[in-house]
Structure formats: structure tokens, C-alpha cells
DNA sequence: ACTTGCCCGTGACAACTGTCAGCCGGATAG
DNA sequence: CTATCCGGCTGACAGTTGTCACGGGCAAGT
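Protein chains in written order, with my numbering: chain B, 106 to 310; chain C, 106 to 310.
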């Protein structure tokens with residue numbers, strides 16, 4: 106019996122995926138989480154009790170903690186469970202960061218439903234399940250942005266001013282503007298809005 | 106037995122929803138479509154054979170034919186089956202257009218999974234199933250923005266400067282800034298980025 | 001110890017943004 | 001006809017943004 110934990114913010118989709126996996130006799134859905142933070146709590150707590158999930162299937166874009174951050178944390182704290190990313194976005198940057206975060210699988214929501222159970226089994230056997238089309242693209246374009254630039258850009262994209270961002274990240278306003286300027290330059294655009302859009306589109310956020 | 110047809114472009118989600126509905130003993134998933142056009146073909150053909158679906162559950166954003174267009178067509182050709190929209194987007198503008206197209210239900214993918222089956226039954230009995238939170242907004246929050254403000258905001262949201270926008274719309278730079286200022290004020294935010302995000306989120310663009 | 005690189009910060013400057021008060025011409029209505 | 005509204009424009013002002021040059025601190029290599 107493979108123990109699976111599901112993290113996905115859209116309740117309807119979460120419930121439906123759960124129903125899908127419950128049809129498989131060798132899979133056991135031991136938990137569902139509506140955001141990354143909840144998934145982390147559940148995983149960690151269960152792991153301490155010795156009945157943690159074998160596989161975490163997670164979306165990327167979720168409130169509080171993204172799927173990528175969740176994967177990273179699971180690896181850092183050595184929880185010992187595998188992670189499969191299940192997302193809408195075929196962005197090379199996402200896949201790359203997912204691999205850096207040590208995930209074992211990366212599936213698209215566009216893929217046929219049967220692939221999910223198959224991927225879970227494959228990963229559980231110690232294999233990897235990476236969408237083949239995407240795997241190719243991932244090593245072509247490279248990611249110019251560093252962590253700070255990403256953070257700052259993300260906040261700027263939500264409409265925060267340099268001052269706001271500085272407050273939130275405990276930096277000075279000038280530094281924030283420098284990072285933004287850097288990011289704008291690296292991406293070859295002319296203001297923060299375009300930088301945000303481009304970075305987002307390329308999956309660099 | 107309620108006959109249901111499912112239209113949703115993401116294969117994984119489509120399969121999962123299908124699994125979810127198959128758990129209900131009084132529901133029968135008689136077809137799945139990956140886009141609006143396919144859903145229309147299936148619905149129409151089955152209707153001619155006298156075994157058309159009672160309910161079509163459809164996403165909005167799909168290739169070829171959107172869920173809204175599908176709903177409209179089903180009503181125009183008097184197929185005689187009900188439509189339930191199932192979408193990510195809580196935009197009052199979408200709901201309004203959906204109602205105009207004669208749909209019987211409008212659910213969010215954020216809603217709990219159980220609601221889908223309930224909504225289907227309710228609509229089959231002749232009722233309506235509109236997300237209550239959304240229903241309020243749709244007729245309360247009426248659109249504060251005028252055409253110019255919308256245009257300008259849309260372009261600003263793509264990263265264009267006041268000067269760029271002025272060029273594109275054949276206005277003066279100052280006028281563009283005035284419109285932006287107006288829009289920012291009406292939406293109660295503090296810069297163009299937030300204004301864009303809010304307007305977009307409310308479906309006003 | 002010395003470079004090299006990175007992170008964070010400063011100060012200054014030009015450009016852009018957001019706000020406001022007010023002008024003009026056309027349409028509409030009383 | 002005149003009053004009023006509306007779309008568009010202007011000019012001015014303070015605040016924010018984008019750029020640049022530069023300085024200090026810290027870590028890793030050499």
C-alpha cells in the first residue's frame with residue numbers, strides 16, 4: 106500500500122484527484138491539504154509518528170507555501186518521502202527549480218489521468234517521472250535571477266512600492282530599488298511591471 | 106439516473122472529476138470532452154439519437170469554444186439540456202455573462218468537491234446552483250470603470266508607460282495619467298499595478 | 001594576506017507617476 | 001439661449017522609480 110498525501114488549493118480539484126486515486130487498490134490517500142503550509146504540517150507530524158506518507162503529490166501555486174518550497178523543505182529536514190509536482194504550468198524554470206529541490210516527479214495537469222497513478226508507482230519504486238516534453242526544454246534557457254531579485258520582483262508584482270518591499274524584507278529602500286533595477290536589466294525590459302510579467306511567464310518566480 | 110457530460114481541457118482534472126462523479130450511484134458520466142467544440146459535437150449528436158446528456162458540466166476557458174459560448178449554443182439550438190459552469194474564476198463579469206447565456210449553475214473549483222454532485226442534482230430537479238458569495242457581488246459591485254479607464258488600465262498592466270499608452274490610443278500623456286489616476290481612485294488602491302490586479306480579479310477588464 | 005565575488009547600503013540625478021485645479025469645445029437639456 | 005455635463009487637454013507639484021557610481025563587510029579561494 107503506497108501512502109499518498111495530496112496538496113492542491115482548489116477544493117474541487119483536490120476532491121476529484123482524491124476520488125481518482127482511491128480507485129486504485131494499491132494507493133492510500135492518507136491526507137489532503139489546501140495549501141503548502143498545511144501539507145508541511147501534516148507531513149511532518151505524520152512522519153514523527155512513523156506513519157508519514159511515502160509520496161506527496163503537490164501543486165505549485167498555493168497560498169502560504171508553494172509546492173517548490175514544500176519540496177525543498179521536505180528534503181532539507183530529511184523527512185524521507187518523495188515529492189511529485191502536479192501543475193498546470195509547463196514552464197522550464199519551474200521544472201528546473203523543482204529538480205533542484207529534489208522532486209522525483211513533475212507532471213502536467215494536461216496529461217492523461219492514468220499517468221498520475223503510474224507516476225506514483227514509478228516514483229515509489231525509486232524511479233523518476235518527469236514529463237518528457239518538458240525535460241528537453243528545461244536545460245535550454247537559463248535562469249538569470251538570484252533569490253533576492255526573485256523575492257523583490259514577486260512583491261513588486263503585487264503592487265508594493267520599494268518602501269513597502271523594504272519593510273517586508275528588512276532591507277533599505279535603496280537596496281530594493283537596486284535589486285529591481287538589476288532584475289529589469291537582466292531581463293532586458295524597461296520597468297518592474299514588464300519584468301514581473303516576463304519572469305512569471307518564464308516560470309522564474 | 107442523471108446523464109452527465111463533462112467538458113474540461115486539462116486531462117488530469119477531467120479524469121479526476123469523472124472519477125469523482127462515478128462514485129455517485131445516481132449519476133452517469135456519458136461523455137468527456139477536451140474542448141468546447143468536442144463537447145458541442147457530443148451533445149448534439151447524442152441529442153439527435155435521443156440519448157443526450159441531461160446536464161453538461163463545463164469549464165469556461167477552453168480551446169476552440171469557451172464554456173460560455175457552448176452554453177449559448179446549447180440554448181439557441183434548443184437542445185434541452187442544462188449547463189453548469191465549473192471554473193477557477195470568481196469574476197462577477199463571467200457570472201453575469203454566464204447567466205445571460207442561460208446556464209443553470211455556476212460553481213467555483215475552490216468549492217468543496219461534494220458540491221458538484223449536489224449542484225447537478227439540484228439543477229436536474231429544475232433548480233439553480235449559483236455560488237452564493239459570487240451571486241451577491243455580481244449585482245452589487247457594478248462596474249465603476251468607463252471605457253477609457255479600462256483601456257488605459259489594460260495597457261498599463263502590460264507594462265507600458267503613460268507615454269507609450271498615449272501613443273497607442275492617440276491621447277496626450279497627461280490625459281492618460283489622469284485616467285490612470287481616476288481608475289486608481291475609483292478602485293481604492295494606490296498605484297497602477299494594484300489597480301490592474303484588482304480590476305482583473307473582479308473581471309472588469 | 002590578497003584577490004574575487006556577493007550582499008547590502010548610500011547618495012545623487014533624471015525620468016516617470018499620481019494628484020489636483022482648471023481650460024476648452026461639443027453635446028444635451030432646460 | 002444658456003446651463004451643465006463630459007471628454008480631452010494642460011501645467012504644476014510632490015513622491016516614486018530606475019540608474020549609476022561607489023563603499024563597507026563577509027566568505028571562499030589562491
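We put the beta carbon where it would ideally sit given N, CA and C, even for glycine. None of these values were measured; they are calculated from a predicted model.
{"Check": "Environment of residue 273 (chain C) [buried if 16+ CB atoms lie within 10 Å]", "Outcome": "exposed"}
{"Check": "In DSSP terms, what residue 187 (chain C) is bridged to", "Outcome": "C:160"}
{"Check": "Chain B contact for residue 118 (chain C) (CB, 7 Å cutoff)", "Outcome": "yes"}
{"Check": "Proximal chain C residues relative to residue 298 (chain B), where beta-carbon distance stays under 9 Å", "Outcome": "261, 262, 263, 264, 265, 297, 298, 301"}
{"Check": "Best match in B:222, B:155, B:159 for proximity to residue 123 (chain B) [C-alpha to C-alpha]", "Outcome": "B:222"}
{"Check": "Where residue 108 (chain C) sits in the DSSP three-state scheme", "Outcome": "strand"}
{"Check": "Alpha-carbon to alpha-carbon, residue 149 (chain B) and residue 170 (chain C)", "Outcome": "44 Å"}
{"Check": "Cα-Cα separation between residue 202 (chain B) and residue 264 (chain C), rounded to whole angstroms", "Outcome": "26 Å"}
{"Check": "Contact set between residue 158 (chain C) and chain B, taken where Cβ atoms lie within less than 9 Å", "Outcome": "Result: empty, since nearest Cβ-Cβ is about 19 Å, beyond 9 Å."}
{"Check": "Where residue 239 (chain B) falls: helix, strand or coil (DSSP)", "Outcome": "helix"}
{"Check": "C-beta atoms of residue 184 (chain C) and residue 224 (chain C) nearer than 7 Å", "Outcome": "no"}
{"Check": "Residue from C:281, C:228, C:298, C:292 with nearest C-alpha to residue 262 (chain C)", "Outcome": "C:298"}
{"Check": "At least three beta-carbon pairs within less than 8 Å, the region 108-125 of chain C to the region 137-153 of chain C", "Outcome": "yes"}
{"Check": "Separation of residue 228 (chain B) from residue 182 (chain B), as counted between CA atoms", "Outcome": "20 Å"}
{"Check": "Chain-ordered neighbours of residue 124 (chain B) on chain C, where CB pairs are closer than 7 Å", "Outcome": "121, 124, 125, 128"}
{"Check": "Pair within 7 Å by beta-carbon distance, residue 106 (chain C) and residue 133 (chain C)", "Outcome": "yes"}
{"Check": "Start-to-end residues for the beta strand (DSSP E) that takes in residue 134 (chain B)", "Outcome": "132-138"}
{"Check": "From B:267, B:233, B:108, residue whose alpha carbon lies closest to that of residue 160 (chain B)", "Outcome": "B:108"}
{"Check": "6 Å CB neighbourhood of residue 234 (chain B) in its chain, flanking five on each side removed", "Outcome": "210, 224, 227, 228"}
{"Check": "Beta carbon of residue 191 (chain C) nearer than 7 Å to that of residue 212 (chain C)", "Outcome": "yes"}
{"Check": "Start and end residues, beta strand (DSSP E) containing residue 210 (chain C)", "Outcome": "210-213"}
{"Check": "Contact with chain C by residue 115 (chain B), beta-carbon distance below 7 Å", "Outcome": "yes"}
{"Check": "Rounded straight-line distance, which links the Cα of residue 254 (chain B) to that of residue 216 (chain C)", "Outcome": "35 Å"}
{"Check": "Residues near residue 195 (chain B) by beta carbon distance below 7 Å, same chain, minus five either side", "Outcome": "213, 239"}
{"Check": "Coil, strand or helix - residue 192 (chain B) by DSSP", "Outcome": "strand"}
{"Check": "Min CB distance residue 217 (chain C) to chain B below 7 Å", "Outcome": "yes"}
{"Check": "The ligand ADP heavy atom lying under 6 Å from the CB of residue 197 (chain B)", "Outcome": "With respect to small molecules bound, the structure shown includes none, and the ligand ADP cannot be examined in it."}
{"Check": "Span separating the alpha-carbon of residue 303 (chain C) from that of residue 309 (chain B)", "Outcome": "23 Å"}
{"Check": "Which listed residue (B:289, B:197, B:152, B:200) has its alpha carbon closest to that of residue 179 (chain B)", "Outcome": "B:152"}
{"Check": "DSSP-derived helix/strand/coil call for residue 234 (chain B)", "Outcome": "strand"}
{"Check": "Closest by C-alpha distance to residue 156 (chain C), when choosing among C:135, C:144, C:172", "Outcome": "C:135"}
{"Check": "Cβ-Cβ distance between residue 281 (chain C) and residue 300 (chain C) below 7 Å", "Outcome": "no"}
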